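Asker: Residue numbers (this note's numbering), protein chains in the order written: chain A, 1 to 208; chain B, 1001 to 1208. Starting off with a structure, shown below.
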DNA sequence: GGATTCATTGGCCAGGTGGCCAATAGCTTT
DNA sequence: AAAGCTATTGGCCACCTGGCCAATGAATCC
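Quick look at the structure:
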């Protein structure tokens, strides 16, 4: 071939997925997997050693997740090409990924040829999304985003805290806690705090 | 080799995972992938046509999930060998899987050789779990299980319903609804309905 | 047939909840 | 400097919540 293979680094906490991906990509002469990592530290480490053309990075990982890994990598290598791989397709993850500097975002439900195309586009520096992702983003986008404080409060709601509890923990009045909760309810279109937590999980604002 | 390859059917809604797995398994002479499916219907259909030795079945799928697929398959083929593949590792899924007749359960975080071993054991009819799964089950088992009615109520709590709402919907008194909620709180060790929903998500009782 | 579990219902009460009103101070963007 | 957003706080009120008490019929298990 005239062009050398695109050198890839894979990061995914699922060994089966990693091995499968590596096998699949290596059988395609356009690609060459030069490294595999299963967490943030290993990714940064291998990236320095291998200098891959493109990093395939899983969004969901225990410990330091893919988004944060991306952020750290980008601080070190501002022009790295990073294609995010996701199984969840939660809109929040997608938005955060691009915010953190992702070059592309592909769902694991994508067909292999969609993945190949995405890698090529990503290598060329194009912002790419798999069609399935684009659809999902279009059909029901974010609504109003929560402020950092509200996300913090949502995390406390999740733990079953009452307004007075939250107030104590944040060093504010229960009135204020109430105001935050009220804002959350409006933005997530929930009727009460319990539904708000549900929507939080559904939208990817809350994890696990 | 003296023994013929074990014939495998793969079911996973993630095309990337399917293709990767197929590639990986086919390079091992012990295995031969004879079919791939991405949902329940395709699985049942292909199973009838291929009669694989072992079915590798993903737990989490949109629409009809892996557990239900397993249930339906088992009704038709009581002696099928089915190895469940999971990314979530939620204890509920594991319990339900074995209840529905799974032969084995392996995490996608397992190393490829663990997967190979699991397939072999599964083919031999042994109940197998990947070590990582066993650990997870041991360290923090189910607590008290919810009754069907309680699970139903939990699903309504998730939608932000009040006790009177639930009562109306189920045709019971709000006193009774309250009693169910109280039982849920005790069993999930939650202080209120909001935390109960969180625990529901964490334990795999609630999906999405 | 007796034990167990499940689903059901009742009363009482202190405390938390969410809706509605309006206001101020700090920060960033323009 | 004006506009806009964020975080903060206040009062009032009908309603919902969870804890504690106890009881009954039905189905299932041993």
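Ideal placement from N, C-alpha and C gives every residue a C-beta, glycine not left out. Only a predicted model underlies this, so the values are computations on that prediction, with no experimental measurement involved.
If we define contact as Cβ-Cβ less than 8 Å, is residue 29(A) a contact residue for chain B?
Answerer: The sequence position of residue 29(A) within the first chain is 29, counting from 1. Not an interface residue.
Asker: Just verifying my parser: in three-state terms, what is the DSSP assignment at residue 1039(B)?
Answerer: In the second chain, the residue the question calls residue 1039(B) occupies position 39. Three-state result, residue 1039(B): coil.
Asker: Kindly indicate the opening and closing residues of the beta strand (DSSP E) around residue 1069(B).
Answerer: The residue given as residue 1069(B) occupies position 69 in the second chain. That residue, residue 1069(B), is in no beta strand (DSSP E); its alpha helix (DSSP H) goes 1066 to 1076.
Asker: If you measure between the beta carbons of residue 13(A) and residue 45(A), is that distance less than 8 Å?
Answerer: Within the first chain, residue 13(A) is the residue found at index 13, counting from 1. Within the first chain, residue 45(A) is the residue found at index 45, counting from 1. No, the pair does not count as a contact, with Cβ atoms beyond the cut-off.
Asker: Can you find the residues in the same chain that come closer than 6 Å, C-beta to C-beta, to residue 7(A), ignoring five residues on each side of it along the sequence?
Answerer: Residue mapping note: residue 7(A) aligns to position 7 of the first chain, counting from 1. For residue 7(A), where only same-chain residues beyond five positions count, the Cβ hits under 6 Å are 32, 34, 52, 53.
Asker: Of all the beta strand (DSSP E) runs that stay within the bounds of the segment 80 to 108 of chain A, which reach a length of 3 or more residues?
Answerer: Those beta strand (DSSP E) runs which fall completely within the segment 80 to 108 of chain A and span 3+ residues are 82 to 86, 104 to 107.
Asker: The alpha helix (DSSP H) that contains residue 1115(B), what's its start and end?
Answerer: As a working note, residue 1115(B) is residue 115 in the second chain. Segment 1112 to 1123, the alpha helix (DSSP H) holding residue 1115(B).
Asker: Can you name the residues of chain A whose CB is closer than 8 Å to the CB of residue 990(B)?
Answerer: The structure shown has nothing for residue 990(B), since chain B only spans 1001 to 1208.
Asker: Among 1029(B), 1158(B), 1100(B), 1128(B), which has the Cα closest to the Cα of residue 1181(B)?
Answerer: For the purposes of this step, residue 1181(B) is taken as the residue at position 181 of the second chain. It is 1158(B) whose Cα lies nearest to the Cα of residue 1181(B).
Asker: Assign residue 1027(B) to one of two classes, buried (16 or more other C-beta atoms within 10 Å of its C-beta) or exposed (fewer than that).
Answerer: Here residue 1027(B) is taken as the residue at index 27 of the second chain, counted from 1. The residue in question, residue 1027(B), is exposed, as its Cβ has fewer than 16 Cβ neighbours within 10 Å.
Asker: Do you know how far the Cα of residue 1078(B) is from the Cα of residue 95(A)?
Answerer: Taking the first chain and counting its residues from 1, one reaches residue 95(A) at position 95. Taking the second chain and counting its residues from 1, one reaches residue 1078(B) at position 78. Straight-line Cα distance between these residues: approximately 46 Å.
Asker: Looking at the unbroken beta strand (DSSP E) that takes in residue 1054(B), where does it start and where does it end?
Answerer: Here residue 1054(B) refers to the residue found at position 54 when the second chain is read from its first residue. Residues 1054 to 1058.
Asker: Between the Cα of residue 152(A) and the Cα atoms of 49(A), 10(A), 55(A), 205(A), which residue gives the shortest distance?
Answerer: Here residue 152(A) refers to the residue found at position 152 when the first chain is read from its first residue. Among 49(A), 10(A), 55(A), 205(A), the Cα nearest to that of residue 152(A) belongs to 205(A).
Asker: Would residue 174(A) count as contacting chain B if we go by Cβ distances under 8 Å?
Answerer: As a working mapping, residue 174(A) is identified with position 174 in the first chain. Residue 174(A) does not count as touching chain B.
Asker: Between residue 111(A) and chain B, is the shortest Cβ-Cβ distance under 8 Å, so that the two count as touching?
Answerer: The residue labelled residue 111(A) in the question sits at position 111 within the first chain. Yes - at least one Cβ of chain B is within 8 Å of the one on residue 111(A).
Asker: Quick one: grab the DSSP three-state call for residue 1172(B).
Answerer: Translated into positions along the second chain, residue 1172(B) becomes position 172. Residue state, collapsed to three classes: coil.
Asker: Using a Cβ-Cβ cut-off of 8 Å (strictly less than) and excluding sequence neighbours within five positions of residue 1192(B), which residues of its own chain qualify?
Answerer: To locate residue 1192(B), count along the second chain from 1; it is residue 192. The residues are 1185.
Asker: How many Å lie between residue 1202(B) and residue 89(A) at the Cα?
Answerer: Position 202 of the second chain, counting from 1, holds the residue named residue 1202(B). Position 89 of the first chain, counting from 1, holds the residue named residue 89(A). Cα to Cα, residue 1202(B) sits roughly 19 Å from residue 89(A).
Asker: Please report the straight-line C-alpha distance between residue 162(A) and residue 176(A), rounded to a whole angstrom.
Answerer: Position 162 of the first chain holds residue 162(A). Position 176 of the first chain holds residue 176(A). For residue 162(A) and residue 176(A), the distance between alpha carbons rounds to 12 Å.
Asker: Establish whether the CB of residue 103(A) and some CB of chain B are separated by less than 8 Å.
Answerer: As a working note, residue 103(A) is residue 103 in the first chain. False, the Cβ-Cβ gap to chain B never drops below 8 Å.
Asker: Look up residue 1161(B) in the DSSP assignment and say whether it is helix, strand or coil.
Answerer: Along the second chain, read from residue 1 onward, the residue named residue 1161(B) stands at position 161. DSSP places residue 1161(B) in coil when its eight states are reduced to three.
Asker: In angstroms, rounded to a whole number, what distance separates the CA positions of residue 1087(B) and residue 1108(B)?
Answerer: If you number the second chain from 1, residue 1087(B) lands on position 87. If you number the second chain from 1, residue 1108(B) lands on position 108. Answer to the nearest angstrom: the Cα atoms are 5 Å apart.
Asker: Specify the secondary structure class of residue 25(A) as computed by DSSP and reduced to three states.
Answerer: As a working note, residue 25(A) is residue 25 in the first chain. Helix, per DSSP.
Asker: Please report the straight-line C-alpha distance between residue 1041(B) and residue 71(A), rounded to a whole angstrom.
Answerer: Position 41 of the second chain, counting from 1, holds the residue named residue 1041(B). Position 71 of the first chain, counting from 1, holds the residue named residue 71(A). The straight-line gap from Cα to Cα measures roughly 41 Å.
Asker: With 7 Å as the C-beta to C-beta threshold (strictly closer), list the residues of the segment 1191 to 1208 of chain B near chain A in chain order.
Answerer: Against chain A - using a Cβ distance shorter than 7 Å - the residues of the segment 1191 to 1208 of chain B are 1191, 1192, 1193, 1194, 1195, 1197, 1198, 1201, 1202, 1208.
Asker: Measuring CA to CA, which of 66(A), 150(A), 119(A), 121(A) is closest to residue 100(A)?
Answerer: Numbered from its first residue, the first chain carries residue 100(A) at position 100. Comparing Cα positions, the closest option is 66(A).
Asker: Going straight from the alpha carbon of residue 183(A) to that of residue 190(A), what length do you get?
Answerer: Position 183 of the first chain, counted from the first residue, corresponds to residue 183(A). Position 190 of the first chain, counted from the first residue, corresponds to residue 190(A). Residue 183(A) and residue 190(A): Cα-Cα distance of roughly 10 Å.
Asker: Classify residue 1146(B) as helix, strand or coil using the three-state DSSP reduction.
Answerer: As a first step, residue 1146(B) is located in the second chain; it is residue number 146 there, counting from the start. Coil at residue 1146(B), not helix or strand.
Asker: Starting from residue 1127(B), find everything on chain A with Cβ-Cβ shorter than 8 Å and list it in chain order.
Answerer: Within the second chain, the letter at position 127 stands for residue 1127(B). By Cβ distance, chain A contributes nothing, its closest Cβ being about 20 Å from residue 1127(B), past 8 Å.
Asker: Check whether chain B comes within 8 Å of residue 163(A), counting only Cβ atoms and requiring the distance to be less than that.
Answerer: Taking the first chain and counting its residues from 1, one reaches residue 163(A) at position 163. False, the Cβ-Cβ gap to chain B never drops below 8 Å.
Asker: Give a yes or no on whether the minimum CB-CB distance between residue 1139(B) and chain A is below 8 Å.
Answerer: By one-based count along the second chain, residue 1139(B) stands at place 139. With a pLDDT of 45 at residue 1139(B), under the threshold of 50, the modelled position of that residue is not reliable, and the figure given next carries that caveat. Chain A, which has no Cβ nearer than 8 Å to the Cβ of residue 1139(B), makes this no.
Asker: Can you tell me where the beta strand (DSSP E) holding residue 1194(B) begins and where it ends?
Answerer: Here residue 1194(B) refers to the residue found at position 194 when the second chain is read from its first residue. First-last for residue 1194(B): 1193 to 1203, but that is the alpha helix (DSSP H), not the beta strand (DSSP E).
Asker: Strictly below 8 Å CB to CB, what residues from chain A border residue 1049(B)?
Answerer: As a first step, residue 1049(B) is located in the second chain; it is residue number 49 there, counting from the start. Ordered by position in chain A, no residue passes the 8 Å Cβ test against residue 1049(B), which lies about 22 Å from the chain.
Asker: What does residue 7(A) pair with, by DSSP beta-bridge criteria?
Answerer: As a working mapping, residue 7(A) is identified with position 7 in the first chain. Partner(s): 32(A).
Asker: Just the C-alpha distance for residue 1166(B) and residue 1120(B), rounded to the nearest angstrom, thanks.
Answerer: Along the second chain, read from residue 1 onward, the residue named residue 1166(B) stands at position 166. Along the second chain, read from residue 1 onward, the residue named residue 1120(B) stands at position 120. Approximately 48 Å between the Cα atoms of the pair.
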